[in-house]
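Read top to bottom, the protein sequences are chains A and B. Residues 651 to 954 (my numbering) are what the first sequence spells out, left to right. Residues 651 to 954 (my numbering) are what the second sequence spells out, left to right. Notes follow the structure.
Number of protein chains: 2
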Amino acid sequence: MSVLVVGSIALDTVKTPFEEHADLLGGSASYAAIGASFFSPVNLVGVVGTDFPAQHVEFFRSRQIDLAGLQTAEGKTFRWSGEYMLDMNVRETRSVELNVFEHFTPALPDGYRETPCVLLANIGPNLQNHVLDQMTRPKFIVADTMDLWINIARPDLLRLLPRVDLLILNDSEARLLTQQTSLIKAGAAIRALGPKYVVIKKGEHGALLFGQDQFFSCGAYPLEDIHDPTGAGDTFAGGLAGWLGAQDGPVTFDLLRHAVVFGSVLASYNVEAFSLERMRTLTMQDVDTRYADFRLMQQFELID
Amino acid sequence: MSVLVVGSIALDTVKTPFEEHADLLGGSASYAAIGASFFSPVNLVGVVGTDFPAQHVEFFRSRQIDLAGLQTAEGKTFRWSGEYMLDMNVRETRSVELNVFEHFTPALPDGYRETPCVLLANIGPNLQNHVLDQMTRPKFIVADTMDLWINIARPDLLRLLPRVDLLILNDSEARLLTQQTSLIKAGAAIRALGPKYVVIKKGEHGALLFGQDQFFSCGAYPLEDIHDPTGAGDTFAGGLAGWLGAQDGPVTFDLLRHAVVFGSVLASYNVEAFSLERMRTLTMQDVDTRYADFRLMQQFELID
């Protein structure tokens with residue numbers, strides 16, 4: 651089953667206390683699409699400028715990602731620059747140049763309108779709504795968002811929420827959206843806004859999945875060294891949606907538990923190197939190995 | 651198998667944004683002993699003053715806790731008073747009166763020296779060492795500690811660590827003890843100081859268990875309303891040690907996974923009411939019910 655991924659495609663400059671790299675492949679759709687591609691065929695919708703390196707397009711192709719929805723617009727690609735502090739949970743955005751992304755309107759090629767699984771990676775909720783307007787009865791819709799949209803585009807976001815099956819956001823964003831301190835209350839409050847399921851990402855503390863009277867807590871993989879946290883959340887969403895896309899039948903809470911684990915597996919690998927470098931060499935055997943590690947880390951009744 | 655519990659016994663005054671209660675049964679040994687008593691026979695070592703209400707002694711007795719090690723000293727019982735903020739993770743100590751606890755020296759009745767499982771609940775590490783000096787080859791030793799001892803009694807604590815099998819402490823204490831920001835690195839660093847196993851408690855984010863090349867992440871039970879967090883960590887330690895005490899054979903990492911879950915179950919119930927009130931009505935059926943909830947919350951490969 652294919653997954654439609656829409657979001658930003660960027661060229662990033664990332665500084666950590668130890669390294670700095672420029673012109674890296676980035677953007678929510680890049681991470682999400684590559685993450686999803688480990689499990690499902692992916693249709694990518696996004697925009698790049700005429701300066702976008704051919705090698706990045708080749709990387710998408712090498713992952714069997716369909717690029718009929720990738721627009722190339724006159725001008726420069728979206729650029730983002732950020733710096734991580736010694737505590738890698740703390741990030742400062744140094745600069746943002748929207749460039750061709752400023753006037754991006756996601757237009758779905760005809761062949762994409764019936765993609766059964768949709769991942770609305772982090773872009774403005776008006777654009778996320780616009781994508782759904784073009785879809786024909788998708789089976790499952792996942793949306794990611796961020797604090798920026800909660801602050802400046804709340805009405806658009808509130809219009810989106812009843813249209814999606816699963817909303818993914820991080821802990822501070824969940825608190826910002828609901829004004830609840832308790833993440834348990836925040837999860838329930840977000841479900842009341844529309845999504846059937848909610849995932850709250852907690853960084854080094856893992857992720858929480860909420861359904862109706864159902865709850866799943868996934869720990870974070872115990873990495874000692876994180877080289878670049880950029881895109882961890884997008885890769886998580888991509889891995890989650892990609893794995894769901896590969897399953898038959900209706901999406902159940904039990905399937906979602908596994909999807910959260912596979913999203914966590916992909917994200918845990920991605921932060922081991924800058925940009926999407928780790929994804930270039932990642933194998934399905936690596937994925938299976940770390941899935942087994944999550945079992946040992948998380949299950950207390952082990953199935954042999 | 652019996653569990654020896656040594657620690658403080660106190661009369662607490664606890665204020666939350668919603669309620670205030672005085673003269674509550676408190677202290678690390680009270681919570682730990684009651685928690686352990688759900689799974690194992692308990693030998694309690696501690697001191698109270700002549701003002702200690704008989705009803706609290708009766709409560710210990712009703713839980714089949716052996717009180718041969720409970721000293722009554724001339725004077726007042728240890729008193730602690732604390733206040734929780736709206737974010738219940740934040741607590742301020744309002745006053746501490748050591749009273750009879752100031753000159754407490756834990757003396758083990760002869761019958762206690764061969765108790766196979768020992769829980770050194772939170773008291774000064776000099777006293778924890780003194781208890782171990784009196785023991786005859788216990789099978790498994792668990793110790794709890796706090797920031798105060800890391801700050802003012804580090805040499806005593808460092809002398810204790812190689813003598814214990816499992817150290818329990820919270821995230822900020824683990825960072826304080828090791829000067830590591832990453833809890834993964836902190837867990838490994840504490841093991842290097844002596845304990846074979848380490849549990850780092852993370853409050854609303856659950857707990858992490860570290861062994862040699864082994865790791866277990868336990869989520870926190872999703873409580874919407876917490877009435878009194880006092881003693882949650884002590885109850886966790888008591889439930890953990892009590893459950894371990896009830897198992898045959900050597901203590902393995904797999905047993906410890908379960909022990910962490912049972913400790914979490916007990917602690918999650920205890921915070922539902924002030925002091926130890928919830929423990930008065932708690933049944934083994936309640937424990938089993940919440941253990942099943944932890945399975946649903948935490949396992950992604952479920953055993954039917």
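All C-beta atoms in this analysis are idealised placements derived from N, C-alpha and C, irrespective of residue type, glycine included.
_B/E823 burial status per 10 Å Cβ neighbour count (16 or more: buried)_ = Looking at its Cβ environment, which holds 16 or more other Cβ atoms inside 10 Å, B/E823 is buried.
*Can you tell me the Cα-Cα spacing of B/N749 and B/G699, whole angstroms?*
Going from the Cα of B/N749 to the Cα of B/G699 covers about 8 Å.
_Residue span of the alpha helix (DSSP H) that contains A/I684, given as start and end_ = Its alpha helix (DSSP H) spans residues S678 to A686.
*Output the distance between the C-alpha atoms of B/H780 and B/L810, rounded to the nearest integer angstrom.*
Using only the alpha carbons, I get a separation of about 10 Å.
*With a cut-off of 8 Å on the beta carbons, I'd call B/V792 and B/D760 a contact; round off their distance for me.*
B/V792 to B/D760, Cβ: 22 Å. No contact.
*Using a Cβ cut-off of 9 Å, which residues of the region 934–953 of chain A contact any Cβ in chain B, in chain order?*
Listed by position, the residues of the region 934–953 of chain A near chain B (Cβ gap below 9 Å) are D943, F944, R945, L946, M947, Q948, Q949, F950, E951, L952 and I953.
*asked:* In the DSSP assignment, the alpha helix (DSSP H) including A/G869 goes from what residue to what residue?
replied: Segment: none, A/G869 is in no alpha helix (DSSP H) and carries neither H nor E.
_Boundaries of the alpha helix (DSSP H) in which A/Q721 is found, first to last residue_ = Not the alpha helix (DSSP H): A/Q721 falls in the beta strand (DSSP E), residues I715 to A723.
*What's the C-alpha gap between A/A757 and A/G719?*
Distance between the alpha carbons of A/A757 and A/G719 is about 7 Å.
*List, in order along the chain, the chain B residues whose C-beta lies closer than 8 Å to that of A/H855?*
Chain order gives the chain B residues near A/H855 as K852, H855 and G856, where near means a beta carbon separation below 8 Å.
*asked:* Runs of 4 residues minimum, wholly inside the region 776–858 of chain B: which ones carry the alpha helix (DSSP H) assignment?
replied: The region 776–858 of chain B is shown to contain whole alpha helix (DSSP H) runs of 4 or more residues at 797–802, 804–810, 821–828 and 833–842, in chain order.
*Go to A/Y734, then tell me how far its beta strand (DSSP E) extends in each direction, as first and last residue.*
Here the beta strand (DSSP E) through A/Y734 covers F728 to Y734.
*Listing by chain order, which chain B residues have their CB less than 7 Å from the CB of A/H877?*
Result: empty, since nearest Cβ-Cβ is about 13 Å, beyond 7 Å.
*Could you please give the first and the last residue of the uninterrupted beta strand (DSSP E) stretch that includes B/R930?*
Under the DSSP assignment, B/R930 falls outside any beta strand (DSSP E), being part of the alpha helix (DSSP H) whose first and last residues are E927 to T931.
*Cβ-based contacts, 8 Å cut-off: residues of the region 883–902 of chain A near chain B*: Going along the region 883–902 of chain A in chain order, one finds no residue with a Cβ nearer than 8 Å to chain B.
*asked:* Going by beta-carbon coordinates alone, are B/Y919 and B/L932 separated by less than 8 Å?
replied: Taking 8 Å as the cut-off, the Cβ atoms of B/Y919 and B/L932 count as close.
*asked:* Between which residues of its own chain and B/I834 is the CB-CB distance below 6 Å, once the five residues before and five after are set aside?
replied: Once the five neighbours on either side are set aside, B/I834 has no close Cβ partner at all.
_Within a Cβ cutoff of 6 Å, which residues of the same chain sit near B/R804, ignoring the five residues on either side of it in sequence?_
Closer than 6 Å at Cβ, skipping near neighbours: no residue.
*Apply the 10 Å Cβ neighbour rule to A/S925 and answer buried if 16 or more other Cβ atoms are within range, or exposed otherwise.*
With 16 or more other Cβ atoms inside 10 Å of its own Cβ, A/S925 counts as buried.
_CB contact flag (B/D938, B/N772, <8 Å)_ = Their beta carbons are not under 8 Å apart, which means B/D938 does not touch B/N772 by this criterion.
*Flag this pair as touching only if the region 873–893 of chain A and the region 673–687 of chain A have three or more C-beta atom pairs under 8 Å; answer yes or no.*
Verdict: yes, contact present.
*asked:* Along the region 830–852 of chain B, where does the CB come closer than 9 Å to a CB of chain A? Name the residues.
replied: Closer than 9 Å at the C-beta level to chain A, one finds these residues of the region 830–852 of chain B: T831, S832, L833, I834, K835, G837, A838 and K852.
*Return the CA-CA distance between B/D898 and B/A891, expressed in angstroms with no decimal places.*
Near 13 Å, if we compare the C-alpha coordinates of B/A891 and B/D898.
*Is B/G732 closer than 8 Å to B/V664 when the C-beta atoms are compared?*
It is a contact, given that the beta carbons lie within the stated cut-off.
*Do B/V746 and B/G696 have their C-beta atoms within less than 8 Å of each other?*
For B/V746 and B/G696, no; Cβs fall outside 8 Å.
*Going by Cα to Cα distance, which pick from A/F912, A/C868, A/Y847 and A/Q714 is closest to B/G856?*
Comparing Cα-Cα distances from B/G856 to each of A/F912, A/C868, A/Y847 and A/Q714, the minimum goes to A/C868.
*Measuring only between beta-carbons, confirm whether B/S867 sits less than 8 Å from chain A.*
Output row for B/S867: interface = yes.
*Quick one: Cα of B/A683 to Cα of A/L770, how far?*
Cα atoms of B/A683 and A/L770: separation of roughly 51 Å, rounded to the nearest angstrom.
*With a CB to CB cut of under 6 Å and the five nearest residues on each side skipped, what residues in its chain are close to A/R907?*
Hits under 6 Å: F866.
*What residues from chain A crowd round B/D863, counting only those whose CB sits closer than 8 Å?*
Contacts between B/D863 and chain A, judged by CB atoms closer than 8 Å, are missing: the closest CB pair is about 10 Å apart.
_Distance check for A/E874 and A/M651, CA to CA, integer angstroms please._
Looking at the two C-alpha atoms, the distance is approximately 35 Å.
*Quick one: which residues of the region 813–827 of chain A get their C-beta closer than 9 Å to a C-beta of chain B? List them in chain order.*
Of all residues in the region 813–827 of chain A, none has a Cβ within less than 9 Å of some Cβ in chain B.
*Using a cut-off of 7 Å between C-beta atoms, extract the partners of A/R907 located in chain B.*
Against A/R907, the close residues of chain B are F950, in the order they occur along the chain (beta-carbon pairs closer than 7 Å).
_Once the 5 residues before and after B/R841 are set aside, which same chain residues still bring their CB inside 7 Å of it?_
Within the same chain, Cβ atoms closer than 7 Å to the Cβ of B/R841 are found at V848 and F860, the five residues on either side in sequence being excluded.
*DSSP beta-bridge partners for A/D673?*
Residue pairing for A/D673: DSSP places it in no beta bridge.
*Can you tell me where the beta strand (DSSP E) with A/P663 in it begins and where it stops?*
One detail in the question is off: residue 663 of chain A reads as Thr in this sequence, not Pro. From DSSP, the beta strand (DSSP E) with A/T663 extends over A660 to K665.
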